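Chains as they are written, first to last, in the numbering used here: chain A, 1 to 259; chain B, 260 to 440. Here is the structure we will look at, set down as structure tokens.
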Amino acid sequence: MNGSAMDCSEARLHLLDDQRGRLDVALADPLAAHLADCAACARDDLAERLLTEQLERRLPQHAAPLALKRRLAAEWAAPAPTARPVPARIRRAAVLAAVGLVALVSAMAVAVWVGRPPAADRVVAEAVTDHLRLLTRADALDVRSGDVHQLRPWLTSRLDFAPVIPFAGDAEFPLRGGTTEYFLDRRAAAAVYGRRLHAITLLVVGRIDDLAWPAPGRPLTTNVRGFNVRLWQAGGLGYALVSDVDGAELAQLAARLGG
Amino acid sequence: MVPRSAAERSASIGQDALAYADTLFNLARYLTGNSADAEDLVQETYARAMRGAGQFEPGTNLKAWLFRILRNTWLSLARRRRIDPTVGGLDTVAPPVSPPAKVAALRDDAELDCLRKLVAEDIERALMRLTEDARTIVLLDLEGLTEGEVAAVVGCAVGTVKSRLARARQALRQLLQDYAR
């Protein structure tokens, strides 16, 4: 402690908040002043940053086995369990019935949908669905590279437009790679950025004249089922950024992307 | 339209919930220490989530809700097996009083050096030596949960998450230094 308003124990308690971007504004200056004065706390700050970086980079991530995922998907599709165990034969029939019902409802939804321009909420919902689809696919990224100059030509060769990926990634939001994905009835470019252990999906859609995309210069930010979504338009292309990272972090990446 | 019945609510969050299978399995793996128990834990978590889907409040963080169910399920299982996952470990001890500045500087420089040289195996082993509570808080923080969400998962006051997380990370750093020697 070197005479600044904040002492060492208080400063150390706030280091992580500062690193996570959630430090109370009133504490920002006292903490910065303390770190400038106190070499021990400044080193502690660096050690905490290194620890986070190493945890994010090197801590092994254990993915759920595919067999477990299939089991979970089948169980969730079946009716809620009752007190008495249901025989496997009936469970199988129930799964088939559920699948049939889902197909029927989907067909009806498509029938109602055809011929009507999707509203903004539909665009947002599709962006979230695409993000989830990429998260659940084991082989989601066809190009696993942080080099945008490798990704962009690959995307262009598979789409009927030239997608612009305005940000090549950095240490805070590394570019993990990309692929193509269906956005409603058209193919879109998908680039995936990382943020700690989270994935952030950027969708670039070439034809948006029949979609309720926000007008140029008027981006839309919203939250759907816990996912933060930002839509904007630039150069005639539609952009959708989706993730479960918090809104402030998504806004940081959107700013780098020009959205 | 807001789903009315528990079954409708369950179906409405089903796809979203399944997208977190990897994340939940990862935490389960670090809680149980092995894949077979982690599979059982995740399966039981989803079964409970399906039954309790009506209690999920739309618009809140589904991932945090699932983490809470997983953690409570793990505590129930551990109790049944007469394991107490919440005691012991370095992080239950108050952090040491700061040493004199010169000693601290030398120690910290060595620590920074060893932090830079860590390998995955060291980090995993050190993390597994923390208490279950500390391990959970460190992992939930890495997952990007807010302090309020972490507090809801581990069942403590929001105000204590900050100090528990700081203590857990301090203990982790101490263990990592030991491995690097």
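Every residue, glycine too, gets a C-beta built ideally from N, C-alpha and C. The structure displayed is predicted, hence computed values, not measured ones.
Since residue i and residue j should fall inside the 8 Å C-beta cutoff, what is the C-beta to C-beta distance between them, to a whole number of angstroms?
i: PHE284 (chain B); j: ALA64 (chain A); result: 4 Å
i: LEU241 (chain A); j: LEU197 (chain A); result: Actually they do not touch by this definition, with Cβ atoms about 18 Å apart.
i: GLU303 (chain B); j: THR332 (chain B); result: 5 Å
i: ARG187 (chain A); j: LEU141 (chain A); result: In fact, because the Cβ distance is near 16 Å, the residues do not count as touching under 8 Å.
i: ARG58 (chain A); j: ALA379 (chain B); result: 5 Å
i: ARG394 (chain B); j: TYR289 (chain B); result: 6 Å
i: LEU286 (chain B); j: LEU435 (chain B); result: Not really, about 20 Å apart at Cβ, beyond 8 Å.
i: LEU277 (chain B); j: ALA73 (chain A); result: 6 Å
i: GLU48 (chain A); j: LEU23 (chain A); result: Wrong, their Cβ atoms sit about 13 Å apart, outside the cutoff.
i: CYS41 (chain A); j: LEU50 (chain A); result: The Cβ separation is near 15 Å, so there is no contact.
i: THR222 (chain A); j: VAL124 (chain A); result: 6 Å
i: LEU300 (chain B); j: LEU321 (chain B); result: Actually they do not touch by this definition, with Cβ atoms about 18 Å apart.
i: GLN233 (chain A); j: ILE208 (chain A); result: 7 Å
Within 10 angstroms of its Cβ, does residue i collect 16 or more other Cβ (buried), or is it exposed?
i: GLY347 (chain B); result: Caution is warranted here: a pLDDT of 41 is assigned to GLY347 (chain B), below 50, making its placement in the model unreliable, and the coordinate value is therefore given only provisionally. By the 10 Å Cβ count, GLY347 (chain B) comes out exposed.
i: ALA190 (chain A); result: buried
i: GLY238 (chain A); result: buried
i: GLY258 (chain A); result: exposed
i: THR258 (chain B); result: Given a span of 260 to 440 for chain B in the structure shown, any question on residue 258 (chain B) remains unanswerable.
i: ALA308 (chain B); result: buried
i: GLU316 (chain B); result: exposed
i: ALA411 (chain B); result: buried
i: PRO163 (chain A); result: buried
i: ASP246 (chain A); result: buried
i: GLY169 (chain A); result: buried
i: MET387 (chain B); result: exposed
i: GLY235 (chain A); result: exposed
i: HIS131 (chain A); result: buried
i: SER9 (chain A); result: exposed
i: ARG340 (chain B); result: exposed
i: ASN293 (chain B); result: exposed
i: VAL192 (chain A); result: buried
i: ALA28 (chain A); result: exposed
i: LEU253 (chain A); result: buried
i: SER243 (chain A); result: buried
i: ALA248 (chain A); result: exposed
i: THR291 (chain B); result: buried
i: GLU172 (chain A); result: exposed
i: ARG158 (chain A); result: exposed
i: SER413 (chain B); result: The residue asked about is misnamed: residue 413 (chain B) is Val in this sequence, not Ser. So VAL413 (chain B) ends up on the buried side.
i: ASP275 (chain B); result: buried
i: LEU389 (chain B); result: buried
i: VAL417 (chain B); result: exposed
i: THR319 (chain B); result: exposed
i: HIS14 (chain A); result: buried
i: GLY273 (chain B); result: buried
Name the chain A residues that come within less than 7 Å of residue i, Cβ to Cβ?
i: ASP281 (chain B); result: ALA63, ALA64
i: SER422 (chain B); result: LEU13
i: ASN285 (chain B); result: GLN61, HIS62
i: ARG288 (chain B); result: HIS62
Can you name the residues that DSSP bridges to residue i?
i: ILE200 (chain A); result: A:TYR193
i: TRP232 (chain A); result: A:TYR239
i: GLU181 (chain A); result: A:ALA188
i: LEU220 (chain A); result: A:LEU231
i: VAL134 (chain A); result: Residue 134 (chain A) is actually Leu in this sequence, not Val. For LEU134 (chain A), which the question treats as bridged, DSSP gives no partner whatsoever.
i: VAL143 (chain A); result: A:GLY178
i: VAL413 (chain B); result: For VAL413 (chain B), which the question treats as bridged, DSSP gives no partner whatsoever.
i: VAL205 (chain A); result: A:ALA188, A:GLY238
What residues from chain A crowd round residue i, counting only those whose CB sits closer than 9 Å?
i: ASN320 (chain B); result: GLY226, ASP244
i: LEU386 (chain B); result: LEU55, LEU59
For residue i, which residues in chain B fall below 7 Å Cβ to Cβ?
i: ALA73 (chain A); result: LEU277
i: PRO60 (chain A); result: ALA379, GLU383
i: ARG12 (chain A); result: ALA425
i: GLN54 (chain A); result: LEU374, LEU377, ILE382
i: LEU50 (chain A); result: LEU371, LEU374, ARG375
Along chain B, in chain order, which residues have C-beta atoms closer than 9 Å to that of residue i?
i: ARG196 (chain A); result: LEU401, GLU402, GLY403
i: ALA47 (chain A); result: ASP367, GLU370, LEU371, LEU374, ARG432
i: THR136 (chain A); result: GLN274, LEU277, ALA278, ALA280, ASP281
i: LEU241 (chain A); result: The contacting residues do not exist; LEU241 (chain A) stays about 16 Å from chain B at best.
Check the Cβ of residue i against every Cβ in chain B and list those closer than 8 Å, keeping chain order.
i: THR221 (chain A); result: Residues of chain B passing the Cβ test: none, with the nearest at roughly 15 Å.
i: LEU307 (chain A); result: Here chain A has residues from 1 to 259 only, and residue 307 (chain A) is not among them.
i: LEU16 (chain A); result: ASP400, LYS421, LEU424, ALA425, ARG428
i: LEU132 (chain A); result: GLN274, ASP275, ALA278
Using a C-beta to C-beta distance shorter than 8 Å, which residues of chain A count as neighbours of residue i?
i: TYR305 (chain B); result: LEU72, GLU75, TRP76
i: ARG339 (chain B); result: Correct list: empty, because the minimum Cβ distance to chain A is about 20 Å.
Query raised in the report: Can we say the segment 226-234 of chain A touches the segment 171-185 of chain A, given the rule of at least three CB pairs closer than 8 Å?
Result: no
**Report entry** Cβ contact check for the segment 209-222 of chain A and the segment 370-385 of chain B: 3 or more pairs under 8 Å
**Finding:** no
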